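**Student:** I am attaching a structure below and will ask some questions about it afterwards.
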Amino acid sequence: MANVTIIGSEKSGRTSLAGKLGKKGTESDITLYNFVKGDRIYSFVDANGYPSSFKTLIQAINLSDIALVCVPSSGLNAQVGECIIALDLLGNKRGLFVITMSDKSNPAAISELSEKIKAVTKGTNLEKWETIAVSNTTFEGLERLKEKIFALGEEVRNAYTAKKDLPTRIIVDHFFNVTGMGCVVLGIVTQGTIKEHDKLTLYPTERQTEIRSIQSNDVDMKSAPAGTRVGLALKGVQSKEFDRGYMISQKEEVSSKFNLKCHLTKFTSGLGVGDAVHFFAGLQDIPATITAMT
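Under my numbering, think of the first position of the sequence shown as 1266, with each following residue one higher.
Below is the structure:
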């Protein structure tokens, strides 16, 4: 199982591409598309709330194991640049650049755009990412794109296998009530293996809960290892107690003060004591104030 975020500018063709890669599922500012074929199970995450909300971009990236950066064949733009900077800062290692709407361009122009992408990503985590041109109209390049995604997915599978015996941790991204079932949450098992009737804790509220049942892609499961996107019916908690990014695990530490070692990009004008910033941790975010610097 792998989670693939699809990002880019609003008219980059990202939503159309997501629809070609999977079946539409849960929809909000982040829309999920599911692909299941044999042991190939993928969740594609369309950050459709971006660029209106920068938070959506960060959350979509932090939900993913693989990123697809959609670049329209008309050329690079500010949103693509923002996506590149965000992916580099967040340390994403696996991904592809997808030149969309290739049917509206020509081979020479697409080759030139590929070289521009190489130039702007030089020195970043993305500098070795491949570029693939696709058309959602003629389907050109889509099969090649899928094969590249599947190859990266094998790397992800191996990475999750190494985490299946670690302490349980589930990151929640959606939550709601279901009549006759109660609280249901959607999320990803990022490490460990969960089982029916496991007694765990919701963080940061430190509320106790129990897993009533587990589903993945509408299939009931007795257990789910690291890497699985799950729907959990929970006992002892209500959906109104959740927020995106809340964690269900065995034990975590909760704090409201942090000492951080930061790296500033060359595009940052600088930071100082008293500055207001926006702090992101996984899918969680909160306004913060810098109180000291060394």
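Glycine included, C-beta positions come from ideal geometry on N, C-alpha and C.
Remember, it's a predicted structure, so these values are computed and weren't measured experimentally.
1) For Val1363 versus Val1310, is the C-beta spacing smaller than 8 angstroms?
2) Looking at the secondary structure, which residues open and close the beta strand (DSSP E) in which Thr1242 lies?
3) Quick check on the burial criterion: 16 or more other C-beta atoms within 10 angstroms. Buried or exposed for Ala1373?
4) According to DSSP, is Asp1485 helix, strand or coil?
5) Inspect the CB distances between the stretch 1462–1482 and the stretch 1395–1414 and report whether three or more fall short of 8 angstroms.
6) Can you tell me whether Thr1530 is buried or exposed? The criterion is at least 16 other CB atoms within 10 Å of its CB, across all chains shown.
7) Determine the contact status of Ile1436 and Thr1455, defining contact as a CB-CB distance below 8 angstroms.
8) Considering only heavy atoms of the ligand MG, does any lie closer than 7 angstroms to the CB of Phe1319?
9) For Ser1504, which residues from the same chain have a beta carbon less than 8 angstroms from its beta carbon, with the 5 sequence-adjacent residues on both sides left out?
10) Quick check on the burial criterion: 16 or more other C-beta atoms within 10 angstroms. Buried or exposed for Asn1268?
11) Straight-line CA distance for Gly1287 to Asn1401?
12) How would you write the range of the alpha helix (DSSP H) that Asp1353 sits in, first residue to last?
13) As a quick exercise: from Ala1553, Asp1540, Leu1497, pick the residue whose alpha carbon is nearest that of Asp1438.
14) Kindly indicate which three-state DSSP category Asn1390 falls into: helix, strand or coil?
15) Leaving aside the five residues before and after Gly1510 along the sequence, list all residues of the same chain whose C-beta is less than 6 angstroms from its C-beta, in chain order.
16) Between the C-alpha atoms of Ile1349 and Ser1318, what's the straight-line distance to the nearest angstrom?
17) Can you find the residues in the same chain that come closer than 8 angstroms, C-beta to C-beta, to Thr1554, ignoring five residues on each side of it along the sequence?
18) So the candidates are Val1421, Ala1325, Pro1432; which of them puts its Cα closest to the Cα of Tyr1298?
19) Taking the Cβ atom as the reference point for each residue, do Thr1493 and Ser1478 lie within a distance shorter than 8 angstroms?
20) Within the continuous beta strand (DSSP E) that includes Glu1395, where are the two ends?
21) For Leu1431, tell me which candidate among Gly1340, Glu1518, Ala1491, Asp1353 has the shortest Cα-Cα distance.
22) Sorted by chain position, which residues of the same chain lie with C-beta nearer than 6 angstroms to Gly1314's C-beta, five sequence neighbours on each side aside?
23) Looking at C-beta atoms only, is the number of pairs between the stretch 1382–1400 and the stretch 1415–1427 that lie closer than 8 angstroms three or more?
24) Using three-state DSSP, classify Ser1329 as helix, strand or coil.
25) Excluding the five sequence neighbours on either side, which residues of its own chain have a C-beta within less than 7 angstroms of the C-beta of Arg1434, listed in chain order?
26) Rounded to the nearest angstrom, what separates Gly1406 and Asp1330 at their Cα positions?
27) Given a cut-off of 8 angstroms, decide if Ala1351 and Ile1323 are closer than it, judged by their beta-carbon atoms.
28) Please work out which residues of its chain come closer than 8 angstroms, Cβ to Cβ, to Ile1375, disregarding the five sequence neighbours upstream and downstream, and give them in chain order.
29) Of all the options Asn1524, Glu1517, Leu1391, which has the alpha carbon lying nearest to the alpha carbon of Asn1357?
30) Among residues of its own chain, excluding the 5 on either side of Gly1418, which ones have a beta-carbon nearer than 6 angstroms to its beta-carbon?
31) Can you list, in chain order, the stretches of the beta strand (DSSP E) that have 3 or more residues and sit fully within the stretch 1473–1555?
32) Locate the beta strand (DSSP E) running through Thr1296, then write down its first and last residues.
**Tutor:** On the basis of the supplied data:
1) Stepping through the sequence shown from its first residue, residue 1363 is reached at position 98. Stepping through the sequence shown from its first residue, residue 1310 is reached at position 45. Going by C-beta atoms, Val1363 is not nearer than 8 angstroms to Val1310.
2) Nothing can be reported for residue 1242, as the shown portion of the chain is limited to 1266 through 1559.
3) In the sequence shown, counting from the first residue as 1, residue 1373 sits at position 108. Exposed is the call here.
4) Residue 1485 sits at position 220 when you count from the first residue of the sequence shown. The answer is strand: DSSP assigns Asp1485 an E or B state.
5) Cβ pair count under 8 angstroms is below three, so no.
6) As a first step, residue 1530 is located in the sequence shown; it is residue number 265 there, counting from the start. By the 10 Å Cβ count, Thr1530 comes out exposed.
7) Here residue 1436 refers to the residue found at position 171 when the sequence shown is read from its first residue. Here residue 1455 refers to the residue found at position 190 when the sequence shown is read from its first residue. Cβ atoms of Ile1436 and Thr1455: closer than 8 angstroms.
8) This structure simply doesn't include the ligand MG, nor any ligand for that matter.
9) Start at 1 with the first residue of the sequence shown, and residue 1504 comes out as number 239. Excluding residues within five positions, the ones whose Cβ falls inside 8 angstroms are Phe1440, Phe1441, Asn1442, Cys1448, Val1449, Val1450.
10) Numbered from 1 along the sequence shown, position 3 holds the residue referred to as residue 1268. By the 16-neighbour rule on beta-carbons within 10 angstroms, Asn1268 is buried.
11) In the sequence shown, the residue the question calls residue 1287 occupies position 22. In the sequence shown, the residue the question calls residue 1401 occupies position 136. Approximately 13 angstroms between the Cα atoms of the pair.
12) Within the sequence shown, the letter at position 88 stands for residue 1353. 1343–1354 is the span of the alpha helix (DSSP H), which, as asked, contains Asp1353.
13) Here residue 1438 refers to the residue found at position 173 when the sequence shown is read from its first residue. Per the Cα distances, Leu1497.
14) The count along the sequence shown starts at 1 and reaches residue 1390 at position 125. DSSP places Asn1390 in coil when its eight states are reduced to three.
15) Numbered from its first residue, the sequence shown carries residue 1510 at position 245. Once the five neighbours on either side are set aside, the close Cβ partners of Gly1510 are Gly1547, Leu1548, Gln1549.
16) Your numbering for residue 1349 matches position 84 in the sequence shown. Your numbering for residue 1318 matches position 53 in the sequence shown. Straight-line Cα distance between these residues: approximately 16 angstroms.
17) Translated into positions along the sequence shown, residue 1554 becomes position 289. Hits under 8 angstroms: Gly1539, Asp1540, Ala1541, Val1542.
18) Walking along the sequence shown from the start, residue 1298 turns up at place 33. Cα-wise, what sits closest to Tyr1298 is Ala1325.
19) For this step, residue 1493 is matched to residue 228 along the sequence shown. For this step, residue 1478 is matched to residue 213 along the sequence shown. The answer is no: Cβ separation not under 8 angstroms.
20) In the sequence shown, the residue the question calls residue 1395 occupies position 130. Where Glu1395 is concerned, the enclosing beta strand (DSSP E) stretches over 1395–1398.
21) Counting from 1 along the sequence shown, the entry for residue 1431 is found at position 166. The candidate whose alpha carbon is nearest that of Leu1431 is Ala1491.
22) Against the sequence shown, residue 1314 aligns to sequence position 49. So the list reads Asp1294, Thr1321, once near-sequence residues are dropped.
23) Contact between the stretch 1382–1400 and the stretch 1415–1427 is absent: fewer than three C-beta pairs spanning the two stretches fall below 8 angstroms.
24) For this step, residue 1329 is matched to residue 64 along the sequence shown. Reduced to three states, the DSSP call for Ser1329 is coil.
25) One-based indexing of the sequence shown puts residue 1434 at position 169. Excluding sequence neighbours, Arg1434 sits near Thr1455, Gln1456, Gly1457, Met1512, Ser1514.
26) Position 141 of the sequence shown, counted from the start, is the residue given in the question as residue 1406. Position 65 of the sequence shown, counted from the start, is the residue given in the question as residue 1330. Cα to Cα, Gly1406 sits roughly 22 angstroms from Asp1330.
27) Indexing the sequence shown from 1 puts residue 1323 at position 58. Indexing the sequence shown from 1 puts residue 1351 at position 86. It is a contact, given that the beta carbons lie within the stated cut-off.
28) Within the sequence shown, numbered from 1, the residue matching residue 1375 stands at position 110. So the list reads Ser1338, Ile1364, Ser1367, Ala1398, once near-sequence residues are dropped.
29) Here residue 1357 refers to the residue found at position 92 of the sequence shown. Of the candidates Asn1524, Glu1517, Leu1391, the one whose C-alpha sits nearest the C-alpha of Asn1357 is Leu1391.
30) Taking the sequence shown and counting its residues from 1, the one referred to as residue 1418 is at position 153. Correct list, in chain order: Ala1267.
31) 1484–1486, 1488–1490, 1494–1500, 1512–1514, 1541–1546, 1549–1554
32) Looking up residue 1296 in the sequence shown gives position 31. Segment 1296–1302, the beta strand (DSSP E) holding Thr1296.
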